[in-house]
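Peer 1: Read the sequence shown against this note's numbering and you will find it ends at 194, with the numbers running on by one and no gaps.
Cβ atoms here follow ideal geometry from the backbone N, Cα and C, with glycine treated the same way.
Quick caveat, the model's predicted, so the values are computed rather than measured.
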Amino acid sequence: MDELVTKLAEVYDRKAFAELLKMILQMVQELLMYRIFHGETDALKCCDSGHLRQNGSFERRIRTSLGEFKMRFWRVSCSACRKSFSPLQRFIHLGRYQTKTNELEQLIVEAASETNYRRAVQELARDGKLPVSFHTAHGWVLRTDCDEIDLSRQVIGSVPIQIIPDGTGFKGEGRDGKARKGDLKVVIGITQKGEI
-1 MDELVTKLAE VYDRKAFAEL LKMILQMVQE LLMYRIFHGE TDALKCCDSG HLRQNGSFER
59 RIRTSLGEFK MRFWRVSCSA CRKSFSPLQR FIHLGRYQTK TNELEQLIVE AASETNYRRA
119 VQELARDGKL PVSFHTAHGW VLRTDCDEID LSRQVIGSVP IQIIPDGTGF KGEGRDGKAR
179 KGDLKVVIGI TQKGEI
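(1) Under a Cβ-count criterion, where at least 16 other Cβ atoms within 10 Å of its own Cβ denotes burial, should GLN52 be classed as buried or exposed?
(2) In its own chain, which residues sit with a C-beta less than 8 Å from the C-beta of ARG131, not counting the 5 before and 5 after it?
(3) In whole angstroms, what separates the C-alpha of TRP138 from that of TYR95?
(4) Starting from ARG70 and walking both ways along the beta strand (DSSP E), at which residues does that stretch end?
(5) Between the Cα of SER84 and those of ARG141, ARG58, GLY48, THR99, spot the shortest distance and give me the residue it belongs to.
(6) Counting only the same chain and skipping the five closest in sequence on each side, list residues whose C-beta sits under 7 Å from that of TYR115.
(7) Mind checking who ARG214 pairs with in its DSSP beta bridge?
(8) Using only CA atoms, which one of THR97, GLU101, ARG61, CYS44 lies nearest to SER77?
(9) Does DSSP put THR97 in a helix, a strand or coil?
(10) From the DSSP output, in three-state form, read off LYS43 for me.
(11) Going by CA-CA distance only, name the one from LEU128, ARG33, LEU140 that's closest to GLU8.
(12) Give me the Cα-Cα distance between ALA16 and ASP40, rounded to the nearest whole angstrom.
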């Protein structure tokens, strides 16, 4: 009995909140469509001269930290310029081909910055977040600009030479049944002209 209750609680946490979020988004979508067709909103207009009409729908899988769900997004098109878009996608700032929320991506980036990708996704899954493979998490982090640090020329050239040391451990091929371990040290120098 206890195992059944525990498993049911896990399923409830993974499915119920995602479905609740889906229902809220569907209600927001219906409200947006009502306002568009009754001329009550100018915020979602495409251009000044045309009016919007419904132009089909498409289904999208959305991943959040609460879970994963599929949702049908309605599409509208402008009668003047013929552009089509999804009002709900614009309203919630979801990219055209985006399948994950920004908060899930932020959770992955923060977790991966503290440890490696495999441990990060294991910790998130253990905490009840959406399970993601570490390859997927790695791809998401690579597509963000979180590792790019912009330094102005004033900062780089402010001292005669700047040295940036870095080191990482490695494990080499073993000898006599013992693994070789060591450190790989790298030093990068930047001159006043900004040259490496």
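Peer 2: From the atom records:
(1) exposed
(2) Checking the sequence shown, residue 131 turns out to be Ser, not Arg. Excluding sequence neighbours, SER131 sits near VAL119.
(3) Roughly 14 Å between the two C-alpha positions.
(4) 65 to 76
(5) ARG58
(6) PHE132, ALA135, HIS136, listed in sequence order.
(7) For the chain, the structure presents residues -1 to 194; residue 214 sits outside this window and is missing.
(8) CYS44
(9) coil
(10) coil
(11) LEU128
(12) Straight through space, the alpha carbons of ASP40 and ALA16 are spaced by roughly 30 Å.
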